[in-house]
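Colleague: These protein sequence lines map, in sequence, to chains A and B.
When you number the first sequence by our numbering, it's gap-free, plus one each residue, and the end is 1803.
When you number the second sequence by our numbering, it's gap-free, plus one each residue, and the end is 314.
Each residue gets a CB set at the ideal place from its N, CA and C atoms; glycine is no exception.
This is the structure I have questions about; it appears just below.
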Amino acid sequence: MADVVVNDRRTASGGGGSRRAVPKAAAEPAKIGDKVFGGFSHLFLIVWALMVVYPILWVVISSFKEDKYIIKEPLSLNPHALQWDNFSRAWTKGGLGEFFFNTVIVVGGGVILTMLLGSMAAYVLARYEFPGNRAIYFLFLSGLTLPVYLAVVPLYKGVFNSGVSIPLLGLNSRFMLILVYVAWSLSFTIFFMHSFFRTLPTSVAEAALVDGASHTTLFFRVMLPMAKPGLISIGIFNVLGQWNQWYLPTVLMQDTTGAGKVHEVLAQGLISLSVQQGYKSDWSGLFAGLTMAMLPVLIVYIAFQRQVQAGLTGGISK
Amino acid sequence: MRHGKARFVVGFLALPVLLFAFYVVWPFAQAVGYSFTDWGGYSDKQNFVGVDNYVRLFKDELVHKAFWHNVFFLVTVPLFTIALALFFAFLLNVGGRGDKAGIRGVFGSSVYKVIFFFPQVLSLVLIAVMWQQIYRTDDQGLLNGLLIKFGLLDPQHPNLFVADPTPILGIPAVLWWLLLIAIWSGVGFYMVLFSAAMQGIPKDIYEAALLDGAGRVHTFMRITLPLLRDNISVAWVYLGITALDMFALVYVMTPSQGGPDHASEIFASVIQFTAFNRGQFGYACALGVALAIFTMLIAALQLRITRRERIEF
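Structure (structure tokens):
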């Protein structure tokens, strides 16, 4: 009997929900202690899962409610009739459509440029010897430790001054914001891709060069495809990071001329939406805005959860 | 040197270095320079004042307050987040032990992982606006509403949450409520991180321990925890940096961005307030330099404390 108990425990121990044990101990009745422990595990896990899901669900359902139901029964998860009108109001009057448009442009441009420039720099720094290599690499790395709040005042002034002669590079320009995002994303991208390019075999590169490929061809045709797993990780990291960026746009996307309107991005726009709808007491509009900002990201995450989790956790454990 | 290599290197590096220099390095360098002046930000008039700003910083009441609030988050955010994340990761990976079919992880562990990770993909601002609604000070807020419904709260005196400066254990209540959000949004990420690490621990180690008669708690304390040391130390450093960066929550959620009555002021909000509301850019830059030095010291210190020899397996 004692033998069986040991066997039972060892097959059940260790990590990994994915692997199944040899069903040798299957016939053995589960021990009471294990059952109680398992029950408690579920209890704790379910409580936390509820704490995560319930507020999100509450926001989504409230976004379908009429304002009178939000006031009368704020907690209920019964929306009565679905108010699609809330969404169109948030989209047009709340400016959410505009925010989305700006964010997609800025993040799209920002991520593509970050990946391109970041991997180019990382590749050269990782695989070519030249004077100043270490210095440039450490210069990029230093950006990881410095808080953005320190740089923001001179950055604001620098952008303001560039805008005087070239409006495209001045405040409230989406193109300027793309360049700023790229510059601020380079540190981590280079840090991550540098270690990735280091691990790629030299023999392939040498063979390509012997075959007469130029350095540029070698990079785009051979090395970049080989670094694909790394590119996916850092790409996910940058998409989320730039999509969620709020501080830089809050400072840089300001209208100083007093004429045109501000090209707000989503995170920044949500802040003004919350202030705006708060004054108007248009809670359903605010909930609809939140829902529209949150659902696409959650859906993409659920569809690609394995890659997103691996990409994000891989980013920090490297 | 192969032909064309120099041109290639310069060609590939020029644009990234140029962008980085203009939008990151130059502003930082300028900030350090401005921190020695009394520049107001809106005019070009500025005088060199030496280290006056730095001396003033040590006497500034607001900075003192912000400093201790930062320290509060620096201790509590990593502590609670890591403890909860480890706890949940442990439950996920060994909770199902002894199930009939011999499944090791708890049933449905992949579903839990997906759900717990939700807040990580939402932006901090979105989370802040959402929690604004949860923390509303009338009975329509999610938390006040629930508490009143269950009779735990007098409807006449709802919770003020982030507008409440009364101290709890010597810390303004508003900070505790912000801490809750930080933990809520961070636990899932670190749980997934630790969970992956736990699955990377070879089974033989556990089997050996079990043969020696070690129980669940014992196994966790003596095997899992020491083998996760690396991951925990990385998590600690990252959480430490996040904790210094609670600004999104403070900015969106608290009255007058650091209120009520400066009860939730942190370094970043003081910098913002000093630069853009008080118009003292020179002094704000000095604060920024101080914060940067503080951040680097903390990161170095944490790496130092948590560094041990790696166990290879």
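Distance cutoff 9 Å, beta carbons only. Does GLY1582 (chain A) sit that close to anything in chain B?
Modeller: As a working mapping, residue 1582 (chain A) is identified with position 97 in the first sequence. Not closer than 9 Å to any Cβ of chain B, the Cβ of GLY1582 (chain A) fails to qualify, so no.
Colleague: Please indicate yes or no: does the CB of THR138 (chain B) lie closer than 8 Å to some heavy atom of the ligand MG?
Modeller: By its list of ligands, the structure shown contains no ligand whatsoever, and the ligand MG lies outside what it can speak to.
Colleague: Residues of chain A with CB closer than 9 Å to the CB of LYS6 (chain B), please, in chain order.
Modeller: As a working mapping, residue 6 (chain B) is identified with position 5 in the second sequence. Here the neighbours are TYR1613, PHE1615, HIS1700.
Colleague: Would you report the Cα separation of LEU1783 (chain A) and GLN1730 (chain A), rounded to the nearest angstrom?
Modeller: Start at 1 with the first residue of the first sequence, and residue 1783 (chain A) comes out as number 298. Start at 1 with the first residue of the first sequence, and residue 1730 (chain A) comes out as number 245. The alpha-carbon atoms of LEU1783 (chain A) and GLN1730 (chain A) are separated by roughly 17 Å.
Colleague: Looking at chain B, which residues of the region 1717–1740 of chain A have a Cβ within less than 9 Å of any of its Cβ atoms?
Modeller: LEU1725, TRP1728, ASN1729, GLN1730, TRP1731, TYR1732, THR1735, VAL1736
Colleague: Can you pull the chain B residues whose beta carbon is under 9 Å from the beta carbon of MET1708 (chain A), in chain order?
Modeller: Within the first sequence, numbered from 1, the residue matching residue 1708 (chain A) stands at position 223. Residues of chain B passing the Cβ test: none, with the nearest at roughly 12 Å.
Colleague: Whose Cβ in chain B lies nearer than 8 Å to the Cβ of ILE1787 (chain A)?
Modeller: Within the first sequence, residue 1787 (chain A) is the residue found at index 302, counting from 1. The contacting residues are VAL115.
Colleague: Only counting the same chain, and skipping five residues up and downstream in sequence, which positions put a Cβ closer than 6 Å to that of ILE1675 (chain A)?
Modeller: Position 190 of the first sequence holds residue 1675 (chain A). Beyond the five residues adjoining it in sequence on each side, ILE1675 (chain A) comes within less than 6 Å, by CB distance, of GLY1603, ALA1606, ALA1607, PHE1625 in the same chain, given in chain order.
Colleague: Mind checking whether GLN273 (chain B) and PHE248 (chain B) have CB atoms under 9 Å apart?
Modeller: To locate residue 273 (chain B), count along the second sequence from 1; it is residue 272. To locate residue 248 (chain B), count along the second sequence from 1; it is residue 247. Yes. Within cutoff.
Colleague: Compare the C-beta of GLY41 (chain B) with all C-beta atoms of chain A and state if any pair is closer than 9 Å.
Modeller: As a position in the second sequence, residue 41 (chain B) is number 40, starting the count at 1. Not an interface residue.
Colleague: How about the region 1680–1691 of chain A and the region 1591–1603 of chain A: do they share at least three Cβ pairs that are nearer than 8 Å?
Modeller: no
Colleague: With DSSP as the reference, label THR1674 (chain A) as helix, strand or coil.
Modeller: As a first step, residue 1674 (chain A) is located in the first sequence; it is residue number 189 there, counting from the start. THR1674 (chain A) carries a helical assignment under DSSP once its states are collapsed to helix, strand and coil.
Colleague: Below 7 Å CB to CB, which residues in the same chain sit around PHE206 (chain B) once its five sequence neighbours on both sides are set aside?
Modeller: Locating residue 206 (chain B) in the second sequence gives position 205, where the first residue counts as 1. Strictly speaking, residue 206 (chain B) in this sequence is Ile, with Phe absent from that position. Correct list, in chain order: ILE224.
Colleague: State yes or no: is the beta carbon of THR1630 (chain A) nearer than 9 Å to at least one beta carbon in chain B?
Modeller: Along the first sequence, one-based indexing puts residue 1630 (chain A) at 145. Taking Cβ atoms only, chain B reaches closer than 9 Å to THR1630 (chain A), which makes this a yes.
Colleague: Please list, in chain order, all residues of the same chain as GLY1774 (chain A) whose beta carbon is under 6 Å from its beta carbon, the five residues on each side excluded.
Modeller: The sequence position of residue 1774 (chain A) within the first sequence is 289, counting from 1. So the list reads ALA1575, GLY1579, LEU1581, LEU1758, once near-sequence residues are dropped.
Colleague: Between GLY1617 (chain A) and VAL1589 (chain A), what straight-line distance do the alpha-carbon atoms span, to the nearest angstrom?
Modeller: Sequence index remark: in the first sequence, residue 1617 (chain A) carries index 132 (1-based). Sequence index remark: in the first sequence, residue 1589 (chain A) carries index 104 (1-based). Taking the straight line from one Cα to the other gives about 37 Å.
Colleague: List the endpoints of the continuous alpha helix (DSSP H) containing HIS219 (chain B).
Modeller: Walking along the second sequence from the start, residue 219 (chain B) turns up at place 218. Residues 217–220.
Colleague: In whole angstroms, what is the alpha-carbon distance linking ILE202 (chain B) and LEU302 (chain B)?
Modeller: Numbered from its first residue, the second sequence carries residue 202 (chain B) at position 201. Numbered from its first residue, the second sequence carries residue 302 (chain B) at position 301. Taking the straight line from one Cα to the other gives about 28 Å.
Colleague: Identify which residue in A:ASN1571, A:LEU1631, A:ILE1555, A:PRO1564 has its Cα closest to the Cα of TRP27 (chain B).
Modeller: Here residue 27 (chain B) refers to the residue found at position 26 when the second sequence is read from its first residue. Closest option to TRP27 (chain B), Cα to Cα, is A:LEU1631.
Colleague: When we look at the beta-carbon of GLU266 (chain B) and count the other beta-carbons within 10 Å, is it buried (16 or more) or exposed?
Modeller: Reading the second sequence from its first residue, position 265 is the one you call residue 266 (chain B). Buried, because 16 or more other Cβ atoms sit within 10 Å of the Cβ of GLU266 (chain B).
Colleague: In the region 1748–1759 of chain A, which residues sit with their C-beta less than 9 Å from some C-beta in chain C, listed in chain order?
Modeller: The chain inventory of the structure shown lacks chain C, comprising the protein chains A and B.
Colleague: Residues of the region 66–82 of chain B in Cβ contact with chain A at a cutoff of 8 Å, in chain order, please.
Modeller: none
Colleague: Can you give, in chain order, each stretch of the alpha helix (DSSP H) that sits fully within the region 1550–1604 of chain A and has at least 4 residues?
Modeller: 1552–1557, 1570–1577
Colleague: Between LEU87 (chain B) and the rest of its own chain, which residues show a CB-CB distance below 7 Å, the 5 nearest in sequence each way excluded?
Modeller: Residue 87 (chain B) sits at position 86 when you count from the first residue of the second sequence. Within the same chain, LEU87 (chain B) has close Cβ partners PHE195.
Colleague: Quick check: the region 177–194 of chain B against the region 1524–1540 of chain A, are there 3 or more CB pairs under 8 Å?
Modeller: yes
Colleague: My understanding is that GLY1628 (chain A) touches VAL25 (chain B), with C-beta atoms under 8 Å, so please give their C-beta distance in whole angstroms.
Modeller: As a first step, residue 1628 (chain A) must be located in the first sequence, where it is residue number 143. As a first step, residue 25 (chain B) must be located in the second sequence, where it is residue number 24. With a Cβ gap of about 5 Å, GLY1628 (chain A) and VAL25 (chain B) count as contacting.
Colleague: Rounded to a whole number of angstroms, what is the C-alpha to C-alpha distance between VAL315 (chain B) and TYR55 (chain B)?
Modeller: Residue 315 (chain B) cannot be examined here, being either before or after the span of chain B that is shown, 2 to 314.
Colleague: Pull out every residue of the region 1640–1670 of chain A whose Cβ sits closer than 7 Å to any Cβ of chain B, in chain order.
Modeller: LEU1640, GLY1643, LEU1664, VAL1665, VAL1667, ALA1668, TRP1669: these are the residues of the region 1640–1670 of chain A whose beta carbon lies less than 7 Å from some beta carbon of chain B, given in chain order.
Colleague: Tell me THR1702 (chain A)'s beta-bridge partners as DSSP assigns them.
Modeller: Translated into positions along the first sequence, residue 1702 (chain A) becomes position 217. In the DSSP secondary-structure assignment, THR1702 (chain A) is not bridged to any residue.
Colleague: Pick helix, strand or coil for LYS101 (chain B), following the three-state DSSP scheme.
Modeller: Counting from 1 along the second sequence, the entry for residue 101 (chain B) is found at position 100. At LYS101 (chain B), the pLDDT of 39 sits below 50, so the modelled position is not reliable; the number obtained from the coordinates is stated separately. LYS101 (chain B) falls in the coil class under three-state DSSP.
Colleague: Could you check if ALA1691 (chain A) is buried or exposed, using at least 16 other CB atoms within 10 Å of its CB as the buried criterion?
Modeller: Position 206 of the first sequence, counted from the start, is the residue given in the question as residue 1691 (chain A). Note on identity: in this sequence residue 1691 (chain A) is Glu, with Ala being the wrong assignment. GLU1691 (chain A) is exposed by the Cβ-count criterion.
Colleague: Mark SER1769 (chain A) as exposed unless 16 or more other C-beta atoms lie within 10 angstroms of its C-beta, in which case mark it buried.
Modeller: Along the first sequence, read from residue 1 onward, the residue named residue 1769 (chain A) stands at position 284. By the Cβ-count criterion, SER1769 (chain A) is buried, with 16 or more other Cβ atoms from all chains shown falling within 10 Å of its own Cβ.
Colleague: DSSP on PHE151 (chain B), reduced to helix/strand/coil?
Modeller: Working through the second sequence from its first residue, we reach residue 151 (chain B) at position 150. PHE151 (chain B) falls in the coil class under three-state DSSP.
Colleague: Count the other CB atoms within 10 Å of the CB of ASP1696 (chain A); is the residue buried (16 or more) or exposed (fewer)?
Modeller: As a working note, residue 1696 (chain A) is residue 211 in the first sequence. Its Cβ having fewer than 16 others within 10 Å, ASP1696 (chain A) is exposed.
Colleague: Using 10 angstroms around the beta-carbon of GLU62 (chain B), count the other beta-carbons present and answer buried if the total reaches 16, otherwise exposed.
Modeller: Against the second sequence, residue 62 (chain B) aligns to sequence position 61. Answer is exposed; the Cβ neighbour count stays below 16.
Colleague: Throw me the rounded Cβ distance for the HIS1679 (chain A) and TYR1622 (chain A) pair, which I believe falls under 8 Å.
Modeller: Taking the first sequence and counting its residues from 1, the one referred to as residue 1679 (chain A) is at position 194. Taking the first sequence and counting its residues from 1, the one referred to as residue 1622 (chain A) is at position 137. At roughly 7 Å, the Cβ-Cβ gap stays under 8 Å, so HIS1679 (chain A) and TYR1622 (chain A) are in contact.
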